[in-house]
Amino acid sequence: MTETTTGPLGDVLRDGERTGLRYVRLLRHSPEKVWRALTESDGLRHWFPTDIVGERAAGARLSLPFWPEGLELAGTAEAIEELGVDPGSYVSGGELRVWDPPRTFEFTWGMDGRAELTDLLRFELEPAEDGTRLTFTTWLGGPIHNTDTAVGWHVCLDELADLLDDGPTPMSEEASALLVQRVKDRTDELRPKYATLITT
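Reading the sequence shown from the start, the letters are residues 1 to 200 in UniProt numbering.
Have a look at this one:
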């Protein structure tokens with residue numbers, strides 16, 4: 001049986017040993033515009049840690065190369081180094097599970113084929129009166145040992161909303177540094193709140 005702990009930040013889902021996170025965002029843009037930001041490189045660069053490369057068809061293999069600033073923000077460099085790989089050249093793998101534009105996009109995101117480091121990500125879009133209701137659910141490959149994953153997805157979705165509202169910012173070295181600092185500041189603000197949410 002799946003239990004849901006609901007709070008103002010998001011939901012923590014528990015199903016036996018599995019832990020998931022669910023976030024809902026109401027975005028003032030059409031499903032088609034949100035879909036493009038979720039699935040195309042030009043949009044992903046501004047809010048998601050990696051690009052998503054591969055055929056857009058259920059069952060297709062995906063490559064997820066980190067953006068330079070995405071690697072710094074994702075906090076995965078240590079885990080990648082433990083695999084004996086240079087984080088700067090690492091490309092994650094995945095599989096596209098559901099491709100139903102502009103409604104549902106679901107894929108796995110893994111590291112080195114290890115189940116404990118493979119997450120399931122699902123984006124569901126529904127038309128809403130003023131735009132789109134986005135529900136993002138991720139089931140984590142292993143139990144949460146810290147809150148950084150939860151905080152990270154929260155901040156990513158905040159960046160997605162900013163991208164949709166304000167448009168893309170050219171990713172110069174200065175803009176990348178500002179993005180990294182903004183995300184780090186927001187992460188520091190949210191971390192204690194998610195720590196409380198996840199442990200209750």
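Backbone N, C-alpha and C define an ideal beta-carbon position, used for all residues, glycine too. Just so it is clear, the structure is predicted and the values come from calculations on it, not from any experiment.
Between the C-alpha atoms of residue i and residue j, what's the straight-line distance to the nearest angstrom?
i: Pro168; j: Ser176; result: 12 Å
i: Glu106; j: Lys193; result: 27 Å
i: Ala42; j: Gly152; result: For the sequence presented, residue 42 should be read as Asp rather than Ala. Spanning the two alpha carbons is a distance of roughly 20 Å.
i: Trp67; j: Trp47; result: 10 Å
i: Ala60; j: Asp165; result: 31 Å
i: Glu189; j: Thr132; result: 27 Å
i: Gln181; j: Thr187; result: 10 Å
i: Thr137; j: Pro49; result: 17 Å
i: Asp15; j: Leu9; result: 20 Å
i: Ser172; j: Leu163; result: 16 Å
i: Thr19; j: Thr39; result: 25 Å
i: Pro170; j: Thr108; result: 29 Å
i: Trp35; j: Ala161; result: 12 Å
i: Thr6; j: Ala37; result: Here Thr6 scores only 39 on pLDDT, less than 50, and its place in the model is too uncertain to base an answer on.
i: Tyr90; j: Arg56; result: 22 Å
Would you kindly check if the distance between the Cβ of residue j and the Cβ of residue i is under 9 Å?
i: Ser30; j: Leu64; result: no
i: Gly110; j: Gly141; result: yes
i: Leu26; j: Leu134; result: yes
i: Leu125; j: Thr104; result: yes
i: Val98; j: Arg122; result: yes
i: Asp119; j: Trp139; result: yes
i: Glu32; j: Pro102; result: yes
Let me check one thing: in DSSP terms, what residues is residue i bridge-paired to?
i: Pro101; result: Bridge partners of Pro101: none, in fact.
i: Gly20; result: Leu13, Trp139
i: Trp109; result: Asp119
Grab me the residues of residue i's own chain with a C-beta within less than 6 Å of its C-beta, minus the 5 sequence neighbours each way, in chain order.
i: Asp130; result: Arg28
i: Thr147; result: Arg191, Tyr194, Ala195, Ile198
i: Val24; result: Thr135
Spatial neighbours of residue i within its chain, please: C-beta separation below 7 Å, excluding the five flanking residues on both sides.
i: Ala58; result: Leu96, Arg97, Val98, Trp99
i: Thr44; result: Per the sequence shown, residue 44 should be read as Leu rather than Thr. Asp51, Ile52, listed in sequence order.
i: Thr4; result: Since pLDDT at Thr4 reaches only 42, below the 50 mark, its modelled position is unreliable, and the value read off the structure follows with that caveat. Only Asp11, Leu13 meet the Cβ criterion.
i: Gly54; result: Ala60, Arg61, Leu62, Ser63, Leu96
i: Pro127; result: Pro31
(message) Quick check for students: name the residue ranges of the alpha helix (DSSP H) that lie wholly in the segment 28-61, counting only runs of 4 or more.
(response) 31-39, 41-44
(request) Within the segment 124-196, note down every full alpha helix (DSSP H) run reaching 4 residues or more, in order along the chain. (result) If we require 4 residues or more, the alpha helix (DSSP H) runs fully inside the segment 124-196 come out as 148-166.
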